[in-house]
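The opening position of the sequence shown corresponds to residue 150 in the working numbering, with each subsequent residue numbered one higher.
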Amino acid sequence: MPYPSASQPVTAGEYADGQYQATGSYGSGPSSIGVSMTLDNGVVTAVRVTPNATDPTSLDYQERIADAVRAVVVGRRIDQLRVQKIAGSSGTPNGFNDAVSKIKEAAQRG
């Protein structure tokens, strides 16, 4: 759920400042991962990943992504954000990217 703090309408390609949350799905399971992100002028200023996996291997990948993702995304524009392999995982980033897509949509609505 978004928690926008912007008081002005948002136009296409612009994002409302605020904190947003989404769950991204990936894989054939399907697996999911939670993402919380703070935006300021379309730039990611904070990010937190919440692992949802119960399988030990998947949980390990999600925890490693949670530890590594800040260095990859903080300071980048959300409209240019698409992660690939992070911390040895090539599948879990797909869930992260799915969550980012949902956050972009929510932030554009204002």
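Beta carbons are placed, not taken as given, at the ideal position from N, Cα and C, and that holds for glycine.
Just so it is clear, the structure is predicted and the values come from calculations on it, not from any experiment.
Q: Taking all protein chains shown into account, decide if PRO200 is buried (16 or more other Cβ within 10 angstroms of its Cβ) or exposed.
A: With 16 or more other Cβ atoms from the protein chains shown falling within 10 Å of its own Cβ, PRO200 counts as buried.
Q. Does the Cβ of THR203 lie closer than 7 Å to at least one heavy atom of the ligand FMN?
A. By its list of ligands, the structure shown contains no ligand whatsoever, and the ligand FMN lies outside what it can speak to.
Q.
So for LEU205, helix, strand or coil by DSSP?
A. According to the sequence as given, residue 205 is Pro; it is not Leu. PRO205: helix per DSSP, three-state reduction.
Q: Measure the alpha-carbon distance for THR203 versus ASP228 and round it to whole angstroms.
A: THR203 and ASP228 have their C-alpha atoms roughly 31 Å apart.
Q. Run through DSSP, which three-state label would GLY167 get?
A. The answer is strand: DSSP assigns GLY167 an E or B state.
Q: Could you please give the first and the last residue of the uninterrupted beta strand (DSSP E) stretch that includes ASP189?
A: If you look at ASP189, you'll find it in the beta strand (DSSP E) that goes 180-189.
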